[in-house]
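Following: one structure in structure tokens, then a few remarks.
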Amino acid sequence: MAVNFDQVIERERTGAVKYDAREAVFGTEEVIPLWVADMDFPAPEAVTQALVERARHPVYGYTLFRDSLYESVIDWFRERHGWSIERDWLMMVPGVVPSLHAAALAFAGEGEGIIIQPPVYPPFYSAIRKTGRRVVENPLQLRGGGYEMDLEHLERCAADGAKVLFLCSPHNPVGRVWRRDELEAVLGICRRHGLIVLADEIHADLVYPDRHSHTVLASLTEAHDNLITAVAPSKTFNVPGMGLSVLVASNPAHREALMAPFDRLHLLPCNPFSAAALEAGYRQGGPWLDQLLAYLTGNRDFVCDYLARHLPQLSVTQAEGTYLLWIDCRALGMSDVELKRFFVQQARVGLSPGASFGSGGSGFMRLNLGTSRAVLKQALDQLNEAVAHRLG
Ligand SMILES: Cc1ncc(COP(=O)(O)O)c(C=O)c1O
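Going by UniProt numbering, the sequence shown opens with residue 1, and the numbers climb by one from there.
What follows is the structure, encoded as structure tokens:
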């Protein structure tokens, strides 16, 4: 069935953070929201049907994860990513960010180093700080309009005693989909220094199919590698509000250590709705995802063309994966405070300020492409007018 991604769905007053927190975040509701990483599209029909069906059964009791749910995860990653997972490796947990916290607690001691590659999704910083671990930055390098890892520096960080690497793959916000050779180089460093990798692959399914394909890091590893993978249906099927994700670790000692922080708080994600949504997505959401990726590819091209034609001061560094565009606004010559104010007050669009992604984010803005093209066009027209006004 063809999905109509052009349809605009009212999300105001549904408690949607992206809409209903605008006043709190931007100081006004009068901005087109292109920030928080969820999409304005309806979830796959199969997901909605599974939720309705579950809601129709009027007893919402304690819920277990059935074998069929685990199988849906295993089948999805085997078929779409060529990654073979064993049933015992899977742990159901209430989110990827909680998993970052758990990994920090499990694999680094108080004050010990955890490596991140900024600019990066802000909870990579906060998970380390809130658990009393130490942030070790291995900044991405912007070379010739594209981001690369600084592998030599990464090796030095590992040699200096950092315990864990939080790898963001694909990378939010810069949109890189790491190549196999880059991932192999990371693995080599981890093996040489006993570094544990937590690979956050929540965006694994959101890669523009015309140019790139995602490599699951764990699909390159050997049994004894120190690797944990975090995946989720949240971004893939636009169900992040369900609060359910999956941790995958082949090493039983890693699994035990990772689950300890969850067990300690008795944090069990046994929710009848999230279980139904996850299984329906992974079992039946493939055709919907293929249509979504085609639409997102169109959105990427639309925004990149628009910027090249009308707003050459703004350039997109890379757009390989995630539905987030990382826009270089440095040519506008504004400070971060001015940039934020300009986007909100003059252009009336709500993007995520680059500075919030840590080192290297200054002068950039992150735009969420997960909305209908007409909304993107309106936002870009407003931005174009604001820039013309400012320059004029
Ligand atoms: C890289 C990355 N990890 C994790 C998350 C959020 O994960 P969760 O909602 O499962 O905590 C996001 C959401 O934007 C993300 O971009």
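Glycine is no exception: its CB is placed at the ideal position from the N, C-alpha and C atoms.
Check: Ligand 1 and G61: does any heavy atom of the ligand fall closer than 7 Å to the residue's C-beta?; Outcome: no
Check: Exposed or buried, which one is T28 when buried takes at least 16 other CB atoms within 10 Å?; Outcome: exposed
Check: How about A37 and K235: are their beta carbons less than 8 Å apart?; Outcome: yes
Check: Look up C329 in the DSSP assignment and say whether it is helix, strand or coil.; Outcome: coil
Check: Please state if the CB of I228 and the CB of L198 are separated by a distance shorter than 8 Å.; Outcome: yes
Check: Would you call the region 42-53 and the region 273-282 touching, i.e. three or more CB-CB distances under 8 Å?; Outcome: yes
Check: From what residue to what residue does the alpha helix (DSSP H) around M259 run?; Outcome: 252-264
Check: Between V96, M365, P33, which has its C-alpha nearest E201's C-alpha?; Outcome: V96
Check: What does the alpha-carbon distance come out to for the pair W89 and R373?; Outcome: 40 Å
Check: Mind checking whether the beta-carbon of N368 lies closer than 7 Å to any heavy atom of ligand 1?; Outcome: no
Check: Report the three-state DSSP secondary structure of P287 (helix, strand or coil).; Outcome: helix
Check: Examine ligand 1 and report whether any of its heavy atoms sits within less than 7 Å of the Cβ of N172.; Outcome: yes
Check: Candidates T14, G113, Y147, S126: which alpha carbon is nearest R156's?; Outcome: G113
Check: Check for me: the alpha helix (DSSP H) holding I128 runs from which residue to which?; Outcome: 123-130
Check: On the DSSP bridge assignment, give the partners of Y147 in chain order.; Outcome: L142
Check: Less than 8 Å between the CB atoms is what I'm expecting for P173 and H214, so what's the real figure, rounded?; Outcome: Incorrect: roughly 17 Å between the Cβ atoms, too far for contact.
Check: For P118, write down the residues that DSSP places opposite it in a beta bridge.; Outcome: Partner(s): none; P118 has no beta bridge.
Check: If we ignore side chains and look at the alpha-carbon of each, how far apart do G111 and F124 end up?; Outcome: 16 Å
Check: Flag T319 as yes when its Cβ comes closer than 7 Å to any non-hydrogen atom of ligand 1, and as no otherwise.; Outcome: Strictly speaking, residue 319 in this sequence is Ala, with Thr absent from that position. A319: no, Cβ never under 7 Å from ligand 1.
Check: Give me every residue whose Cβ sits closer than 6 Å to any heavy atom of ligand 1, in chain order.; Outcome: A37, G95, V96, V97, Y121, C168, N172, D200, I202, A232, S234, P240, S245
Check: Hey, quick one: how far does the beta strand (DSSP E) through I74 stretch, first residue to last?; Outcome: That residue, I74, is in no beta strand (DSSP E); its alpha helix (DSSP H) goes 67-81.
Check: By the DSSP assignment, the beta strand (DSSP E) with E137 in it spans what residues?; Outcome: 134-137
Check: Nearest-angstrom Cα distance between G194 and S245?; Outcome: 26 Å
Check: For I228, which of helix, strand or coil comes out of DSSP?; Outcome: strand
Check: Give the C-beta separation of V164 and A108 to the nearest angstrom, bearing in mind that I take them to be a contact with Cβ-Cβ under 8 Å.; Outcome: 5 Å
Check: Leaving out five residues on either side along the sequence, give the residues of the same chain with a beta carbon under 8 Å from the beta carbon of V344.; Outcome: F26, G27, T28, V31, G350
Check: Whole angstroms is fine: what's the gap from P233's alpha carbon to P240's?; Outcome: 8 Å
Check: Assess, as a yes-or-no matter, whether the region 143-152 is touched by the region 311-320 under the definition of 3 or more beta carbon pairs within less than 8 Å.; Outcome: yes
Check: Which one of P33, L332, M1 has the shortest CA to CA distance from A46?; Outcome: M1
Check: Name the DSSP bridge partner or partners of A199?; Outcome: L167, T229
Check: Which residues share a DSSP beta bridge with V365?; Outcome: Note that residue 365 is Met in the sequence shown, not Val. For M365, which the question treats as bridged, DSSP gives the partners I327, P353.
Check: Go to S99, then tell me how far its alpha helix (DSSP H) extends in each direction, as first and last residue.; Outcome: 96-107
Check: Using CA coordinates, which residue listed in L311, D210, V337 is at the minimum distance from D290?; Outcome: D210
Check: Please classify T14 as buried or exposed, where buried requires at least 16 other C-beta atoms within 10 Å of its C-beta.; Outcome: exposed
Check: Beta carbon of L154, beta carbon of I115: below 8 Å?; Outcome: yes
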